[in-house]
Structures are given as C-alpha cells and as structure tokens.
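Protein chains in written order, with the working numbering: chain Z, 1 to 319; chain A, 320 to 638. Just so you know, even glycine gets a beta-carbon here, dropped at the ideal spot from N, CA and C. Given the structure is predicted, the values throughout are model-derived calculations rather than measurements. Reviewing the structure listed below.
2 protein chains.
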Amino acid sequence: MDKKYVIGVDIGGQTSKLGVVDARGNVLAQSVIRTDTHEDVNMYIKDLGDAIRALAAQVDGGMNSVRGVGMGVPNGNYYRGTIEFAPNLKWNGVIPLADLVSKEIGLPVALTNDANAAAVGEMTYGAARGMKDFIMITLGTGVGSGIVIGGNVVYGHDGFAGELGHTTQVRTNGRQCACGKVGCLEAYASAIGVARTAREILETSDSKTSLRDLAWDKISSKEVAEAASKGDQVAVDIFNFTGNMLGAALADFVAFSSPEAIILFGGLTKAGDLIKKPVVEGLNNNLMKLWKGKIPVEFSQLKESDAAILGASALAWEL
Amino acid sequence: MDKKYVIGVDIGGQTSKLGVVDARGNVLAQSVIRTDTHEDVNMYIKDLGDAIRALAAQVDGGMNSVRGVGMGVPNGNYYRGTIEFAPNLKWNGVIPLADLVSKEIGLPVALTNDANAAAVGEMTYGAARGMKDFIMITLGTGVGSGIVIGGNVVYGHDGFAGELGHTTQVRTNGRQCACGKVGCLEAYASAIGVARTAREILETSDSKTSLRDLAWDKISSKEVAEAASKGDQVAVDIFNFTGNMLGAALADFVAFSSPEAIILFGGLTKAGDLIKKPVVEGLNNNLMKLWKGKIPVEFSQLKESDAAILGASALAWEL
C-alpha cells in the first residue's frame, strides 16, 4: 500500500487540531478535540487515537495509507519525543507523548515545538521550499523561532535550541519578559509587546491618536494595526518601533547562521508592509556590510488556519 | 601508502605558518614563510608549495604520506575555497586559493577562516573532542567565532556565518566598531576593547590604579591583566565589565543553538579566572531558566603556539 498521506496534530492548551495532508500540502480532512478536559494524559491519548483513526477513514486507504504522525506541541523535545514541563498543559513533568501516541495508533510519531514545526512546514510546502538555510520567526502572543541550517532544524545538544524570542534586545531598563528575563525580543515584537508599546506611548505622550478612544484593556496589536492602516501616525510609529527592533535582532541572527532568507509568520504579519518595511530597515541598518540588502525578509506562504497542522504534518514525511 | 599526516597552513598578514600534524595533534615539523613580500599571489603559491614539500620531506613517506592541506585564512570562504576581499592581505578581490595551492602541490586543499579552523581544531584535538554542538569564541585583537552544530561547522548559505563578534551588545551609545557598526561585541571583548575600557575608566574616574603609571598608548589588555593579577581593583573591574558583557552575549548564542559547551580561545584567556568568572556570571544571569548553570565555559586545550596550525590542519582530515 502506498503511504501517501501524513497526519499533523497541533496541540494547544485548549484544543488539539488535526488533519490528513498530502505531499503537496493539501489538508484533505481535519478535526478538533479538546486538550484541557483530560487531566489524565492517557485519556487524552485514547481520544486522540480515535480522532486520528476517524480522520484516516476519510481518505482512500485509511490508516494503511498514512506514513506517520507529526505533532507540534508546547515545550516539545524532538530528540526524546517528550513534552517537558509545559506551563499551559495540565500534564505535569515529562510526558513521553510520541511513544504513547505511537503505541495507541501503531504508526511512527515525531514531535517538536510549534515554531520548529512551522519551519519544517514552510520548508516542505511554503515560502522556504528549496531553501537549506533560513530562519523562521513566529510573531504571535509570544515570539518563537525555528532555525534551519543545511536543511535540518537546529535542535541543539538538548533539543531546546531556537529560543530567539528570548535573546536580549534592551539591556538597560528593558521590559520584564514572562520568561523571567528582562529585555527579551518577545517583550517587544509579540502581539502583547505591541500592546505594551501602545500603552507606554499613550501614557508618556499626549499625541493625538484614535487609540485613546479605546478602553485601556482593549488595546491590542489588532487595534493598533487597524488604526495604522487608517493612517493614525501614533499607530504607525508603534509598528515602526516594533519592526526596527525586530529587524535589529534579525541582524544578530544573520551574523550567527547567515540564512538565505528570514520568514515571518503569525498575527503581526497581517499588518503587511506596516511591519515589514521597518523590519527590513532595522535589519539592514544593523547588518554587516557583506550582508546589507542581501537577506530577504518574507512572509509565510501557508494559509494561517492550516499552518499549524501543515507544520506538524511535515515532520512525518521524514519518519 | 598510508596517508597518516595532514599539513596545516595559517596565513596571516605578515607571515604564513605551516606544520605537519599527525592524527593525535602532534606538530611533527613546522616552518614559516613571509606573506606580505608577495604582491603577486602566484609567486606566493610557488613559495608556499616549496615550503610544503620541504616540510613533508621531514616525515616518513614524504608527500605520499600527506592526506591533504588545510588552511586558515582571513576572509576565507569554505564553500568556494577562496579568499574574498581580505583587508590585511595584498591580493585584491577574490582569490581561488585552494585551487591554486592544490594545483601547485597535487594534493586536496580546504580552507576556512581562522575562527572556524580553531573550532575544527578544538573538535579534532582539543577541549571539544567528542562534542557535536559547541561554540568557539576567539578573543584576540578582534572577536571571532566558529559554531559547530551536529558535528559540522556552520558556514551559512554563503560561507560567511559565525560573525558573533559583530552582534550588537550596546544599542544606545555603543562603541564604534572597526566593521562600521556600533556596539559590536568585538568593540568590548577583544584585546583592543579591554584597552578602550581601561582608557574610558581612567578618563571618567579618579580611582587609584597602577594603570595610571603607564603611558596612554601603552595601555593594553596585557597590562590590565598583570595589574589585575596583582590585585589592582580598577583592573579587576575592567575584567568584570568585559567578562559580564561577553557572558551576556554568550547567553544569546545559547538561545540560538543550545551548545553543550562554549570554548574560549586567545590572548584574553591568559587572564584565567579573572575573565572566566565574570563570563560565567554574565552567562548565567542572562540564560533562560532551562539552561542556567548547565552550559560550561571552557578554555581551549590547544597550545597557543600550535593552535592556528592545528586548527587549519584539522580541516584536511575530512578531505
């Protein structure tokens, strides 16, 4: 039987999304189960197994045509196939998730964290097809990263490499980051970081902006993007500040691995050129001469609703 | 004939050092030729060929027992075997050095820059034996780096990856770096950086220190180290400042590739614990929790006089 499909599973704190994917990156069928209703991981594995079998039944060949399962999970360790101390999941300690799922369904299973999965997805189906050296930055609630060198994701000696959201951009009077450090990129270039920048500017200036019409706790990166797209100068400045800082950080990442491109993914990229232009500016202002103007910054080419499933599924082609 | 030796060539602006090396990292014979007296690279190649043949004649089997030649060169590009626009050499533009040498001597030749060669040397004969993931930082006149991931040096898409000396540590009011950027690690953690720190402190404070007895242009990292080892508090503070900054930079590098160790090499390491302690402190103060206290910082184990030749030679084992 030709094993021409893979299954991707994206585990989030509340729900787990899964889909059957073909070699071109078409999601042929998908479904969702709850993550947070299972205090016991073994009960979750049973439900997930049922969902995987039901999904496979929707494609020709069923489970026999599925090569394997790839999973994108918080705090996932690729080497060990484990979830380790994930703060947003109910299962404590180290969970040998890949093994548990593999035993339940009788197929090989690989897992990694969300950002690494996104990088593999982009390389397999998206903007990084044909690239062997690139860096993927995910701009969501936090800032994640997946680094590809020589066609392989960089996992490091322990499986946890690629924490570029927690490199330090502001060493003096930097913002407190959720990770415990101060001045992390994530405290500035995430959705939450953009909202913090907006509040800081509103507090410390009296410039006129439509953002003042919003309730304080309703200020989000989405509202800032909307205001900016209508020409609100303060909102535009917020994106310029954010993009310049992200670009400067990217320049350091280029000095590390000299990628042929940087791919941006996630909510903030919806702002389009509002974020891309200052990123490119900040990047080129901080690159060494030999790289100036030579490292393209591109947006992900994966449809956002499918991206997490696609990224996870891409891991399974290597099984 | 058993090809049990390699030859390493370390090309500097003034002289080129070469040596025959066995698999254990013993330099069995070595010699030196001038680099800067040859305006024409072809004349240099002839001289280098003669020197290589003379060197090989000193070991059993002669040229027949030499597997190949590895070269550490300024601005060396591993992929292309070229020197590209090296500011300290007389040969302009792009020189296909590996090809030229290979044709002259009839052996395979590989080259890379000095810091990458140092990393390969350390992995082959030194402190990084058995390691697959580590970062080598060379602290000399400048700050260089060689990054090893999964047992391979990271060259990036263009052959120029690993410029960690030019990541930005101080974004506001940072020092001008020789590379044209501002706030680079190299402007602080190099021998020149230490001397600049010393002059800045002498200028902006009136603290008592033996460094004030030196002529202004005689202040170097060596004098600062000597004063510090005699207990001069200002000199100790200079190393603390330098080490803390280098350590903070290393924390960002760990977030990138999660190495199992960081190896320091070069002049500044002669200061021993004076530099190592603040480096380790700066590193752990800036690491994410999952890595705190877990990433050892070690000094090179290669004898300094042999290290450049050993590093270059190590490239040739892979030929």
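Quick check on DSSP: helix, strand or coil for residue i?
{"i": "L268 (chain Z)", "result": "helix"}
{"i": "Y363 (chain A)", "result": "helix"}
{"i": "D114 (chain Z)", "result": "helix"}
{"i": "E482 (chain A)", "result": "coil"}
{"i": "K277 (chain Z)", "result": "helix"}
{"i": "M442 (chain A)", "result": "helix"}
{"i": "L347 (chain A)", "result": "strand"}
{"i": "D418 (chain A)", "result": "helix"}
{"i": "F85 (chain Z)", "result": "coil"}
{"i": "G327 (chain A)", "result": "strand"}
{"i": "M564 (chain A)", "result": "helix"}
{"i": "Q495 (chain A)", "result": "strand"}
{"i": "K608 (chain A)", "result": "helix"}
{"i": "R490 (chain A)", "result": "coil"}
{"i": "I135 (chain Z)", "result": "strand"}
{"i": "E617 (chain A)", "result": "strand"}
{"i": "S16 (chain Z)", "result": "strand"}
{"i": "N411 (chain A)", "result": "coil"}
{"i": "R34 (chain Z)", "result": "strand"}
{"i": "G282 (chain Z)", "result": "helix"}
{"i": "V501 (chain A)", "result": "strand"}
{"i": "V21 (chain Z)", "result": "strand"}
{"i": "L261 (chain Z)", "result": "Contrary to the premise, residue 261 (chain Z) reads as Ala rather than Leu in this sequence. If DSSP states are grouped into helix, strand and coil, A261 (chain Z) belongs with the strands."}
{"i": "G130 (chain Z)", "result": "coil"}
{"i": "V473 (chain A)", "result": "coil"}
{"i": "S509 (chain A)", "result": "coil"}
{"i": "G144 (chain Z)", "result": "strand"}
Taking 6 Å as the limit between beta carbons, can you name the residues of its chain near residue i, skipping five residues before and five after?
{"i": "A187 (chain Z)", "result": "R175, C177, G193"}
{"i": "Y444 (chain A)", "result": "G344, L629"}
{"i": "M390 (chain A)", "result": "V328, L430, A631"}
{"i": "A375 (chain A)", "result": "G381, M382, V385"}
{"i": "V413 (chain A)", "result": "T401, E403"}
{"i": "I466 (chain A)", "result": "I454, V473, G481"}
{"i": "W610 (chain A)", "result": "V573"}
{"i": "A191 (chain Z)", "result": "T141, S221, G267"}
{"i": "V32 (chain Z)", "result": "T15, K17"}
{"i": "N435 (chain A)", "result": "G465, V472"}
Residue i and residue j: beta carbons closer than 9 Å?
{"i": "V69 (chain Z)", "j": "P96 (chain Z)", "result": "no"}
{"i": "N471 (chain A)", "j": "G8 (chain Z)", "result": "no"}
{"i": "D329 (chain A)", "j": "D418 (chain A)", "result": "no"}
{"i": "N75 (chain Z)", "j": "P87 (chain Z)", "result": "yes"}
{"i": "G591 (chain A)", "j": "A255 (chain Z)", "result": "no"}
{"i": "A127 (chain Z)", "j": "E260 (chain Z)", "result": "no"}
{"i": "I398 (chain Z)", "j": "M136 (chain Z)", "result": "Residue 398 (chain Z) is absent from the model: chain Z starts at 1 and stops at 319."}
{"i": "K17 (chain Z)", "j": "A308 (chain Z)", "result": "yes"}
{"i": "A633 (chain A)", "j": "V325 (chain A)", "result": "yes"}
{"i": "S464 (chain A)", "j": "G484 (chain A)", "result": "yes"}
{"i": "V154 (chain Z)", "j": "S257 (chain Z)", "result": "yes"}
{"i": "S300 (chain Z)", "j": "F265 (chain Z)", "result": "yes"}
{"i": "S642 (chain A)", "j": "D551 (chain A)", "result": "Past the boundaries of the shown model lies residue 642 (chain A); chain A is included only from 320 to 638, so the question cannot be answered."}
{"i": "A635 (chain A)", "j": "L602 (chain A)", "result": "no"}
{"i": "W535 (chain A)", "j": "R518 (chain A)", "result": "yes"}
{"i": "D341 (chain A)", "j": "K323 (chain A)", "result": "yes"}
Excluding five sequence neighbours on each side, which residues of the same chain lie with their C-beta closer than 8 Å to the C-beta of residue i?
{"i": "Q169 (chain Z)", "result": "G183, C184, L185, Y188, M245, A248, A249"}
{"i": "V236 (chain Z)", "result": "A228, L274"}
{"i": "N706 (chain A)", "result": "Beyond the ends of chain A as shown, which are 320 and 638, falls residue 706 (chain A); an answer cannot be given."}
{"i": "G49 (chain Z)", "result": "V101, E104, I105"}
{"i": "Q377 (chain A)", "result": "V339, L347, A348"}
Whose C-beta lies closer than 7 Å to the C-beta of residue i among residues of the same chain, with five residues either side of it excluded?
{"i": "S421 (chain A)", "result": "P427, V428"}
{"i": "G13 (chain Z)", "result": "T35, D36, N88, L89"}
{"i": "Y398 (chain A)", "result": "Y474, G478"}
{"i": "V553 (chain A)", "result": "I520, S526, T528, L530"}
{"i": "A118 (chain Z)", "result": "M136, T138, G146, F265, A307, G311"}
Please specify which runs of the beta strand (DSSP E), each continuous and at least 3 residues long, are wholly inside the segment 58-83 of chain Z, giving them in chain order. 66-72
Quick test of the definition: if touching needs 3 or more C-beta pairs under 8 Å, does the segment 587-602 of chain A touch the segment 538-551 of chain A? Counting Cβ pairs under 8 Å, three or more are found: they touch.
Compile a chain-ordered list of the residues in the segment 149-166 of chain Z whose CB is closer than 9 Å to at least one CB of chain B. In summary, chain B is missing from the structure at hand, where the protein chains are Z and A.
Which ranges does the beta strand (DSSP E) cover as unbroken runs of at least 3 residues, wholly within the segment 197-258 of chain Z, from first to last along the chain? none
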